[in-house]
Amino acid sequence: MTRRELSLDDIESLAVGAWVLGTGGGGNPYLPLLNMRLLYKQGHRVELMEASDLADDDWVGTVANMGAPLVGQERLTDSMTLARAVLAMERHIGRRFAALMSMEIGGANGVRPFMAAAHLELPVVDSDTMGRAYPELQMTSVAVGGLAGDPVSLVDVRGFESIVHKVPSWKWAERIGRKIVTEYGSVAATCQPPRTGAEVKRWGIHGTTTKAIAIGAAVREAQRRHDDPVEAILSVEPGKLLYKGKAVDVARRATEGFLRGVARFDGLDEFRGSQLTINFQNEWIVAWRDGAPLAMTPDLICVLDSVSGEAVGSETIRYGQRVTVIALPPTPIFLTPKGLEHVGPRAFGYDLDFRSVFSA
Amino acid sequence: MRRIGIDVGGTNTDAVLIEEGRVVRAVKAPTSEDVTTGILDSLQSLGSTGVLAGRKIDGVMIGTTHFINAVVQRRSLTRVAALRLGMPASASLPPFCDWPEDLAALVRGGVWMVEGGHEYDGRPFMPLDEAAVIGAAEEMKAAGLASVGISAIFSPLDPSHERRAAELVAQVIPEADITCSSDLGRIGLLERENAGLLNAALADLARDTIAAFEKAIADSGVDAPLFITQNDGTVAEAGQARRLPVYSFASGATNSMRGAAYLSGLSDAMVIDVGGTTTDVGQLKHGFPREANSVVKVGGVRTLFRMPDLLSIGLGGGSHVQLDPLKVGPVSVGYRLLKQGIAFGGTQLTTTDIAVASGVLDLGDRKKVAQLDAATCRKVFGEAARMAEEAIDRMKTEAGDVPLIAVGGGAFLIPEKLAGVSQVIHVEHGDCANAVGAAIAQVSGECDQIFKDLSRAEALSAAQGIANDRAVAAGAARASLTTIESEDMPLAYLPGNSVRVRVRVVGDVAPG
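Structure, rendered in structure tokens:
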């Protein structure tokens, strides 16, 4: 079995790259990164493995935080609490996990499985179930694949451990889980429904941790050399430059427990005179150029700081910020009719037929 | 209104007297090792002209880089006891966990983490473990620590645990200087706690420095209250500045931008402040510098300070000039200009020599730079203009040309015409813009917290009331208050229409 020990430098890159793949949501990975720096200082190490090296009957734990990123900024994220969510699930199902994996590579959850893995001395599979960040639990490859949406363990640092044992659908898992998370104080460490090695191989989105590390490394290297960091991303990913501009208006509102809104940009350089509008539900969902749809989910819409190349979140984007918008291709699982039902523009309430920026 | 503004810079201490909106007099004195002498010299120099005789002075407003330099240069710092109320959460990231090791080694006197803190909606996260706080205080006392930084989860929403812990610590260590993180604002435990710990580390320096300022004023015979200028272009009374010195960190740059606004009469413009070594470019909005929005590092420590959003480039009046290939800066002769510049008998070609050769400045000996022909001078000025244009373009937030105010001792490098600029404005007393900015500083109040179960209008109005009260507590006249920022952000996932509101108001210093 080939496993690769990640260096701290890899993890620094992972944090930058996962934030890019967060497509505006998922939370800034800074606090998880800080945990990893301290864990490495204490001598912990983590290993990455390929999904293809899993045995079909291995069990894999999927680790993620659920809740409001804002609460995490105050409570911080305890690495042991994530490990406890995994242990609670192992106790519930009466099996040991052979490995852990990410639910969503985008944002802070792209780093969190490694925090649990450092304590539990388990490898992390180089796969996730979104290939980016999305706001809801049914917006995963495993949900598109029709796999079970239960059980879910939800753990709080004060000693609460809850199991959502049985639900009829992923949407119910999201709804019941969200209630528990809210009572905890709007943040919980969770272990998502256990997966077999065979399921991960069939329905996982593979190579996403490696991808995030490569994106982050390209950005960091460009920053060191004072090169264009956005070009650096496009040199390692088959992405497409969509727009360069300045944020001129950001309207945010909370509806149904999400941050929804619209950001408007005025074009710069070769885009001068052209207006871009992006609708968001935590993540960037649909981008319109001069009124016509330009890019939409499941294509990844990444808004980047034009100078640093680092991602700009929908919660933090501000007036006057100079950004470069690029698109990255989504996992093919989301391009199937079933996939588009879960994460296409209509899943977010936009009456648009999906058109990829990569199909033209 | 009659005020004296003083800027204690690295090289010079500038002082200006402003009377009824007019700069009456501006003077410069060398900054002294002990701070007091330089201020005393500048005040006496101001007084020697007779402008102060028999006049009532409403305030002396001092801006200084003293506190930020102490952190950056790792000197005059007090060892700090960190007390965090939030267990069992946050244990894996203890206080000081993201500090540069050298600074942490100097400041970290000890770390105590006990149960306490709140939820996002104000419910207690855990009850405050008072016995553990008292135990921690006794250990601090035994370790000889008398400066304490206290932080608690969600204390900007509910500071009661921090306040109670501060009382308990004070009962054990009556002489303790205690900083509560809730006095430093924002959501973001680590960054707020870092600000609190830096503030606690400055406790002794702040006490000594402000005593030195007060002594200089008393010795000069000026009878006026002391105010210290803040990062955001406002002032705090001496007592509050002594308690919260971190708020004075970046006041130098802010003062020069505010001074530029005042001297030019413009409230929305770009400002370029050309010093001896560096040039700062920023943007004025409603007469205040646009703030850096997110995380600001001070001496390597992440904080959420209100700091002006500035771009610094290596261009100034002392910048080295290389002719072939053409290069200006970033190296500078700095305060050694009057020795090392060619016009002053030295051997290093600088931008000032170019200005002397072309007749822009009348300094030193023009004959010594006679070999520099007009074409050469034009080339060097052209390069300086190109550097300025690039910096301005990076800081501009709107398309189209904007007015630019050029201040600072090196402002002669900024030509009358620049790309992207509608008009370049040079102002009288522009070389003392930072002292002018100090003299005209206002008082501010801010509120940044989460409201729930209120309409948007009610939440904004509640935040406005809190900000107003805070400004008045800081010395503002209530009638003069105006809101300069108002921002609301609904919180994803949180129930009950939770909204985070940030409001900032400013007003004139109340007379008396």
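Those protein sequences? They're chains A and B, same order as listed.
Just so we're aligned, residue 1125 is where the first sequence starts under the numbering used here, counting upward by one.
Just so we're aligned, residue 37 is where the second sequence starts under the numbering used here, counting upward by one.
Ideal placement from N, C-alpha and C gives every residue a C-beta, glycine not left out.
With distances taken Cα to Cα, identify the nearest neighbour of B/Val96 among B/Asp43, B/Val143, B/Asp70, B/Leu121.
-> B/Asp43
From A/Ala1142 to A/Cys1315, what distance separates their C-alpha atoms?
-> Rounded to whole angstroms, A/Ala1142 to A/Cys1315 spans 19 Å at the Cα level.
Positions along the stretch 106-140 of chain B whose CB lies within less than 8 Å of some CB in chain C = The chain labelled as chain C is not found among the protein chains of the depicted structure, namely A and B.
Sequence ranges, beta strand (DSSP E) only - wholly within the stretch 300-331 of chain B, length at least 3 | 305-310, 315-321
For A/Val1279 versus A/Ala1223, is the C-beta distance shorter than 7 Å?
-> Not a contact, by the Cβ cut-off of 7 Å.
Residue interval of the alpha helix (DSSP H) (run including B/Gly171) | For B/Gly171, the enclosing alpha helix (DSSP H) stretches over residues 166-178.
With 7 Å as the threshold, decide whether the Cβ of A/Asp1414 is near any Cβ in chain B.
-> no
Chain B residues whose Cβ lies nearer than 9 Å to that of A/Met1204 = Ala127, Ser128
Give the straight-line distance between the Cα atoms of B/Ile390 and B/Arg372, rounded to the nearest whole angstrom.
-> 17 Å
Would you say A/Arg1199 reaches chain B, if we count a Cβ-Cβ gap shorter than 7 Å as a contact?
-> yes
Grouping DSSP H, G and I as helix and E and B as strand, with all else coil, what is A/Ser1203?
-> helix
In angstroms, rounded to a whole number, what distance separates the CA positions of A/Gly1069 and B/Ala513?
-> The structure shown has nothing for residue 1069 of chain A, since chain A only spans 1125 to 1484.
Of the residues B/Ala498, B/Lys375, B/Asn291, which one's Cα is nearest the Cα of B/Gly400?
-> B/Lys375
Inspect the beta-carbon positions of A/Arg1127 and A/Pro1247 and report whether they are closer than 7 Å.
-> In this structure, A/Arg1127 lies near A/Pro1247, with their beta-carbon atoms less than 7 Å apart.
Any Cβ of chain A within less than 7 Å of the Cβ of B/Phe155?
-> Strictly speaking, residue 155 of chain B in this sequence is Glu, with Phe absent from that position. It does; some Cβ of chain A falls within 7 Å.
Could you tell me if A/Phe1382 is buried or exposed, where buried requires 16 or more neighbouring beta carbons within 10 angstroms of its beta carbon?
-> buried
Using the rule of at least 16 other Cβ atoms within 10 Å of the residue's Cβ for burial, across every protein chain shown, is B/Glu419 buried or exposed?
-> The residue in question, B/Glu419, is buried, as its Cβ has 16 or more Cβ neighbours within 10 Å.
Spell out the partners DSSP gives A/Cys1426 in its beta bridges.
-> For A/Cys1426, DSSP records a beta bridge to A/Ile1450.
Pull up the distance between the alpha-carbon of B/Leu347 and that of A/Gly1433, whole angstroms please.
-> 17 Å
Considering only C-alpha positions, which residue in the set B/Arg228, B/Val143, B/Arg91 is nearest to B/Leu113?
-> B/Val143
With burial defined as no fewer than 16 other Cβ atoms inside 10 Å of the residue's Cβ, what is the status of B/Ala89: buried or exposed?
-> exposed
Sub-7 Å separation of B/Ile54 and B/Ala503 beta-carbons | no
Continuous alpha helix (DSSP H) assignments of at least 4 residues falling wholly in the stretch 226-291 of chain B | The stretch 226-291 of chain B contains these whole alpha helix (DSSP H) runs: 239-256, 274-279.
Just confirm the distance between the C-beta atoms of B/Ser187 and B/Gly232, as a whole number of angstroms; I'd bet it's less than 8 Å.
-> 6 Å
Distance between A/Leu1194 and B/Phe380 (C-alpha atoms, nearest Å) | 58 Å
May I ask you to verify whether the stretch 132-143 of chain B touches the stretch 174-182 of chain B, counting CB pairs closer than 8 Å and requiring at least 3?
-> no
With a cut-off of 7 Å, does the C-beta of A/Leu1158 fall near any C-beta of chain B?
-> Closer than 7 Å to some Cβ of chain B, the Cβ of A/Leu1158 qualifies, so yes.
Classify B/Met162 as helix, strand or coil using the three-state DSSP reduction.
-> coil
What residue range is occupied by the uninterrupted alpha helix (DSSP H) comprising B/Ala471?
-> In the DSSP assignment, B/Ala471 falls within the alpha helix (DSSP H) that extends over 469-475.
Nearest-angstrom beta carbon gap, B/Val59 and B/Ala51 [assumed within contact, 8 Å] | That belief does not hold up - the Cβ atoms of B/Ala51 and B/Val59 are roughly 11 Å apart, past 8 Å.
Of all Cβ atoms in chain B, is any one closer than 7 Å to the Cβ of A/Gly1309?
-> yes
Do you know how far the Cα of A/Met1190 is from the Cα of A/Ser1485?
-> In the structure displayed, chain A extends from 1125 to 1484; residue 1485 of chain A sits before or after that span and is not available.
Whole angstroms is fine: what's the gap from A/Gly1340's alpha carbon to A/Gly1283's?
-> 35 Å
Skipping 5 residues on each side, what residues in its chain have a beta carbon closer than 7 Å to that of B/Leu359?
-> Thr412
According to DSSP, is A/Thr1264 helix, strand or coil?
-> coil
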